[in-house]
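Participant: Under this note's numbering, the first residue of the sequence shown is numbered 2, with each subsequent residue one higher.
I have a structure here, written as structure tokens, and I will follow up with some questions on it.
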Amino acid sequence: MKEFGAELVEVAAIEDRPQAMTAAGEVMALDWGITLQCDTTGKEDASSVGVRSHFIYPVLPEADGTTKNVFPCKVERVIEDVFSYILIVSTKEEARIRVDVTKEQWQQYQKHISGNKIWIGIDEKDVMLLK
């Protein structure tokens, strides 16, 4: 996680080979062990992918209807803040990702889950390719 001004950005390295960034607009985030769809136009020299932590959100896969940029994680820690919750989740590669959600979002989501498995989503427009 890196801090850019007041924004917290989750960052993962991009696989360093030509097929890591495809014409279809996909990048392989090595640290997270996932492939993300995003706009790769003019970003061929990117070395990392970043997402602001408040743009990562919990998803109910069966309600979403799509698997684009949605992947399973495990909830490691839930931290209550004044107006929100901070979720620390881990991917199958054991990478830790911070997810910031409102109290209302988390309370609604909790009604539909059991245990510590969570699905998180990232919109294509929120994926940043970084040098």
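Ideal Cβ positions, reconstructed from N, Cα and C, are used throughout, including at glycine.
The structure presented is a predicted model; accordingly, all values stated were derived computationally and were not measured.
Reducing DSSP to helix, strand and coil, say where K118 ends up.
Facilitator: strand
Participant: Who are F72's beta bridge partners in DSSP?
Facilitator: Answer is I121.
Participant: Just to confirm my understanding: we take D32, look at its own chain, exclude 5 residues before and 5 after, and list those with CB closer than 6 Å. What are they?
Facilitator: A13, A14, A96
Participant: Rounded to the nearest angstrom, what separates K104 and F72 at their Cα positions?
Facilitator: 22 Å
Participant: When the distance is taken between beta carbons, is V52 closer than 9 Å to I119?
Facilitator: For I119 and V52, no; Cβs fall outside 9 Å.
Participant: Can T36 and E27 be called in contact, C-beta distance under 9 Å?
Facilitator: The answer is yes: Cβ separation under 9 Å.
Participant: Can you give me the start and stop residues for the alpha helix (DSSP H) that E105 sits inside?
Facilitator: 104-111
Participant: Going by the beta-carbon positions, is the gap between S91 and I98 smaller than 9 Å?
Facilitator: yes
Participant: Could you tell me which residues DSSP puts in a beta bridge with A30?
Facilitator: I15, I35
Participant: For I123, which residues in the same chain have their Cβ closer than 6 Å to its Cβ, ignoring the five residues on either side in sequence?
Facilitator: V52, I57, N70
Participant: Go ahead and label V128 buried or exposed: buried means 16 or more other beta carbons lie within 10 angstroms of its beta carbon, across all protein chains shown.
Facilitator: buried
Participant: If we call anything under 9 Å between Cβ atoms a contact, is S115 one with V102?
Facilitator: Not closer than 9 Å, so no.
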